[in-house]
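*Asks:* In this note's numbering, the protein residues as written are 1 to 725. Pasting a structure below so you can have a look.
In structure tokens, the structure reads:
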């Protein structure tokens, strides 16, 4: 959408003052490491986005744009750190000048401030991926599948896909939990009605038979069918408070609790599994920290809407950078998440056992009231409350950890006299006079009806929970299916372009190369052909140079897919550094042939590749900027092709002698560096590559004198009078 025309940098990063003419054409900045190239990259990043990628994100604690983007001598004067970019709106042609100061990094000045140019600036700010270094590009190739998916989707502006996927997975998990709780309620209600009917199952025919047997005793019409709404006691006469008490049922209710206390293998197994998982968690504190961070990130990630951490207010380059960082932390915590799932699963099974026992206690405690044993009823209610509280603790990881001691000792925390009290209660009930046949039938039907109604309610709740769970499952699976299908189609295009680009670069040895990108549920697998032997991960056998080539090819394929015709400029910082000379020549040809309308700003420390970019036509000689060294006080020693004298004359015309002198000195340093290299001038070696004008001047002057002397000697030997003159 835009192309860069001219960049001016003042007191920014390692640069004191620098002006680079780009003219909308590709540009190469070549110079040794530490010569200031990255300062230019940072400046472009800053003026377009208001941030600097290298000063934000993981590993940059304590570093900020406001404090550390200005030149070190101006670190207390952020207003002096200014970047000015002149650019062209490609579609319509108007030129804009964008100015941004570190002091007010979030604001910029645009001249002319038209709607069209402002939209172009906003567009560029949203596409920080147009400025990439080797470190950022290689991660598309070498990252694990989960991280690769996050990186690629972030670049393609598809990171919301995984965020939505996680939200749906969270909803699915919650609905599954509700369904399990509701199902446990059904089982408890079924056990309750089975004890009343004294049946081992609830087959309609058997339920109908035992209910009608009691109705016949009362002279009532037999039921013809058993349905959810059936009233077992319809027509039975009320017989006061004792209608709801049935001796046989009461004995079975109390015995159910006694039997559970004497033998509960299901609970023991679940408790053992949960205790083992908790022990593993406690053995490694880093796992617990990862789980805590993951929980926080999973909740907060979908809520991130601005480039600032919602907890510490740390400012990030942009929203995408913050989301990318959070997604990376999620990927690193997958092992911790699996342990958390083990703990939650075991805790859920323990909770189900506790719910079953609570149902039995709830059924038994009214019988203590009937028998006048209020002390037993009180103990049962207190125990019920304690178990319910313990069960609630198992719903969250933190509270489950706090319950570890109880799990190891007595998970039920049975009161000391409970078994004795329950046995005494059962004996007291058993000692009651047998009810008359009619009283027993009436109470039987009344209790059976109450528990049938409870079962009906439990089943209704379970049915609703099941519908909700199935809906959550269906939404999640459908979303995954549609998202993966769409991503597969998208990645197929990227895959084809990636393979094509890489084949062009490596036509001499990998002309049949092909790549495979396979998305699945939040992951993105990448496999590449290894000389026809098979599809393997890039890091398996390919060299570092080949991986570098893959990285930049995949990056170009992704950017092309994202921006289409809006792909008009890109800043590539020290990319393909380990690619060999021949393949870099082919890379230049690739950029020239397939991206003729794209302005590439390339930095490199390799003089050979810089010359290759010139000879291939990717850049002109006038678009080659050489950085020969750097000093703290002066910044880069540089020179740029073009009419330097015209620029000096322009400064002098404005009576700006310091600016003219600065340009003259900097260009003399760069030019004399080239001359010294070409004529083999002797310069005292400096390990830091920081050479100033005096060193080059002496070397060139001395070597030039030596060459003139040799020329004179040669002319004399050939009696060449013209040459001697």
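Glycine residues also receive a C-beta, built at the ideal position from the N, C-alpha and C atoms. Quick caveat: nothing in here was measured; it's all calculated off a predicted structure.
1. What span of residues does the alpha helix (DSSP H) with residue 727 cover, start to end?
2. Count the other CB atoms, across all protein chains shown, that sit within 10 Å of the CB of residue 338; report buried if there are 16 or more and exposed otherwise.
3. The alpha helix (DSSP H) spanning residue 456 covers which residue range?
4. Rounded to whole angstroms, how far is the Cβ of residue 365 from the Cβ of residue 353, which I believe are closer than 8 Å?
5. By DSSP, does residue 109 sit in helix, in strand, or in coil?
6. If you draw a straight line from the alpha carbon of residue 460 to that of residue 454, how long is it in whole angstroms?
7. Can you find at least 3 beta carbon pairs, one from the segment 64-72 and one from the segment 18-37, that sit closer than 8 Å?
8. According to the Cβ coordinates, are residue 50 and residue 106 closer than 8 Å?
9. Take residue 598 and list the residues in its own chain whose beta-carbon comes closer than 7 Å to its own, dropping the five residues that flank it on each side.
10. Does the structure place the segment 615-631 close enough to the segment 649-659 that three or more beta carbon pairs sit under 8 Å?
11. Quick check on DSSP: helix, strand or coil for residue 638?
12. I'd like to check one pair, residue 479 with residue 749: are the Cβ atoms closer than 8 Å?
13. If you run the structure through DSSP and keep just helix, strand and coil, what is residue 69?
14. May I ask which residues mark the beginning and end of the beta strand (DSSP E) holding residue 533?
15. For the 8 Å Cβ check, are there 3 or more pairs between the segment 343-350 and the segment 383-400?
16. Let's test the definition: count the other Cβ atoms within 10 Å of the Cβ of residue 2 and tell me whether it reaches 16, buried, or not, exposed.
17. For residue 240, which three-state DSSP category applies?
18. State the CB to CB distance for the pair residue 491 and residue 549, rounded to an integer number of angstroms; the pair is presumed to be in contact (CB under 8 Å).
19. Using the Cβ count rule (16 or more neighbours within 10 Å means buried), how would you classify residue 604?
20. Once DSSP output is grouped into helix, strand and coil, what is the label at residue 174?
21. Is residue 562 near residue 156, with beta carbons less than 8 Å apart?
22. Sort 246, 469, 38, 315 by Cα distance to residue 173 and report the nearest one.
23. With H, G and I counted as helix, E and B as strand and the rest as coil, what does DSSP make of residue 32?
24. Could you tell me how far apart the beta carbons of residue 739 and residue 236 are, in whole angstroms, since I believe they sit closer than 8 Å?
25. Output the distance between the C-alpha atoms of residue 451 and residue 331, rounded to the nearest integer angstrom.
26. Have a look at 449, 341, 351, 533 and flag the residue whose alpha-carbon is nearest the alpha-carbon of residue 740.
27. Among residues of its own chain, excluding the 5 on either side of residue 240, which ones have a beta-carbon nearer than 6 Å to its beta-carbon?
28. Would you kindly work out how many angstroms separate the C-alpha atoms of residue 698 and residue 708, rounded to a whole number?
29. Can you tell me whether DSSP reads residue 593 as helix, strand or coil?
30. Does the beta-carbon of residue 403 have 16 or more other beta-carbons within 10 angstroms, so that it is buried, or is it exposed?
31. Following the continuous alpha helix (DSSP H) through residue 49, name the residue where it begins and the one where it ends.
32. If you drop the 5 nearest sequence neighbours on each side, which residues of the same chain put their C-beta closer than 7 Å to that of residue 466?
33. Distance, Cα to Cα, residue 430 vs residue 250?
34. With H, G and I counted as helix, E and B as strand and the rest as coil, what does DSSP make of residue 433?
35. Do residue 47 and residue 98 have their C-beta atoms closer together than 8 Å?
36. Considering only the alpha carbon of each residue, which of 449, 435, 226, 357 lies closest to residue 413?
*Replies:* With the given structure in hand:
1. Any answer about residue 727 is impossible in this case: the structure gives the chain only from 1 up to 725.
2. Against the chain shown, residue 338 aligns to sequence position 338. The residue is exposed, with fewer than 16 neighbouring Cβ atoms inside 10 Å.
3. Position 456 of the chain shown holds residue 456. Element bounds for residue 456: 437-505.
4. Here residue 365 corresponds to residue number 365 of the chain shown, with the count starting at 1. Here residue 353 corresponds to residue number 353 of the chain shown, with the count starting at 1. Your pair residue 365 and residue 353 does not check out as a contact, with CB atoms roughly 19 Å apart and the cut at 8 Å.
5. Position 109 of the chain shown, counted from the start, is the residue given in the question as residue 109. In the structure shown, the three-state DSSP call for residue 109 is strand.
6. Taking the first residue of the chain shown as position 1, residue 460 is located at position 460. Taking the first residue of the chain shown as position 1, residue 454 is located at position 454. When the Cα atoms are used, residue 460 and residue 454 turn out to be separated by approximately 10 Å.
7. The segment 64-72 vs the segment 18-37: no contact.
8. Here the question's residue 50 lines up with position 50 in the chain shown. Here the question's residue 106 lines up with position 106 in the chain shown. Cβ atoms of residue 50 and residue 106: closer than 8 Å.
9. Mapped onto the chain shown, residue 598 falls at position 598. A distance below 7 Å between beta-carbons, with the five flanking residues on each side excluded, links residue 598 to the following residues of its chain, in chain order: 567, 568, 569, 570.
10. Touching, no, given that fewer than three Cβ pairs across the two stretches are closer than 8 Å.
11. As a working note, residue 638 is residue 638 in the chain shown. Residue 638 falls in the strand class under three-state DSSP.
12. Past the boundaries of the shown model lies residue 749; the chain is included only from 1 to 725, so the question cannot be answered.
13. Counting from one through the chain shown, the residue named residue 69 turns up at place 69. Under the three-state reduction of DSSP output, residue 69 falls in the coil class, being neither helix nor strand.
14. Start at 1 with the first residue of the chain shown, and residue 533 comes out as number 533. Where residue 533 is concerned, there is no enclosing beta strand (DSSP E), given that its DSSP letter is neither H nor E.
15. Counting C-beta pairs closer than 8 Å gives three or more between the segment 343-350 and the segment 383-400, which meets the contact rule.
16. Indexing the chain shown from 1 puts residue 2 at position 2. Residue 2 is buried by the Cβ-count criterion.
17. For the purposes of this step, residue 240 is taken as the residue at position 240 of the chain shown. Unreliable positioning characterises residue 240 in this predicted model, as indicated by a pLDDT of 49, which lies under 50. A coordinate reading is not provided.
18. Reading the chain shown from its first residue, position 491 is the one you call residue 491. Reading the chain shown from its first residue, position 549 is the one you call residue 549. Contact between residue 491 and residue 549 fails: their C-beta atoms lie close to 19 Å from each other, not under 8 Å.
19. By 1-based counting over the chain shown, the position of residue 604 is 604. Residue 604 counts as buried, since at least 16 other C-beta atoms from the protein chains shown sit within 10 angstroms of its C-beta.
20. Numbered from 1 along the chain shown, position 174 holds the residue referred to as residue 174. In the structure shown, residue 174 sits in a helix (DSSP, three-state: H, G or I).
21. Within the chain shown, the letter at position 562 stands for residue 562. Within the chain shown, the letter at position 156 stands for residue 156. Yes, they are a contact pair.
22. The count along the chain shown starts at 1 and reaches residue 173 at position 173. Nearest C-alpha to residue 173: 469.
23. Residue numbering aside, residue 32 sits at position 32 when the chain shown is read from its first letter. Three-state result, residue 32: coil.
24. Residue 739 falls outside the range modelled here, since the chain spans only 1 to 725, and no answer is possible.
25. Within the chain shown, residue 451 is the residue found at index 451, counting from 1. Within the chain shown, residue 331 is the residue found at index 331, counting from 1. When rounded, the distance between both Cα atoms is 49 Å.
26. Outside the modelled stretch of the chain, which goes from 1 to 725, sits residue 740, for which no answer is possible.
27. Here residue 240 corresponds to residue number 240 of the chain shown, with the count starting at 1. With a pLDDT of 49 at residue 240, under the threshold of 50, the predicted position of this residue should be treated as unreliable, though the coordinate-derived value follows. None.
28. Here residue 698 is taken as the residue at index 698 of the chain shown, counted from 1. Here residue 708 is taken as the residue at index 708 of the chain shown, counted from 1. Straight-line spacing of the CA atoms in residue 698 and residue 708 works out to 15 Å.
29. Translated into the one-based positions of the chain shown, residue 593 becomes position 593. Residue 593: helix per DSSP, three-state reduction.
30. The residue given as residue 403 occupies position 403 in the chain shown. By the 10 Å Cβ count, residue 403 comes out buried.
31. Within the chain shown, the letter at position 49 stands for residue 49. According to the DSSP assignment, residue 49 belongs to the alpha helix (DSSP H) that extends over 37-49.
32. Within the chain shown, numbered from 1, the residue matching residue 466 stands at position 466. If we look at residue 466 and ignore the five residues flanking it on each side, its Cβ neighbours are 179.
33. Along the chain shown, one-based indexing puts residue 430 at 430. Along the chain shown, one-based indexing puts residue 250 at 250. Roughly 9 Å between the two C-alpha positions.
34. Locating residue 433 in the chain shown gives position 433, counting from the first residue. DSSP places residue 433 outside both helix and strand once states are collapsed to three, so it counts as coil.
35. For the purposes of this step, residue 47 is identified with residue 47 of the chain shown, where counting begins at 1. For the purposes of this step, residue 98 is identified with residue 98 of the chain shown, where counting begins at 1. Taking 8 Å as the Cβ cut-off, residue 47 and residue 98 qualify as a contacting pair.
36. As a position in the chain shown, residue 413 is number 413, starting the count at 1. The shortest C-alpha to C-alpha distance from residue 413 to any of 449, 435, 226, 357 is the one to 357.
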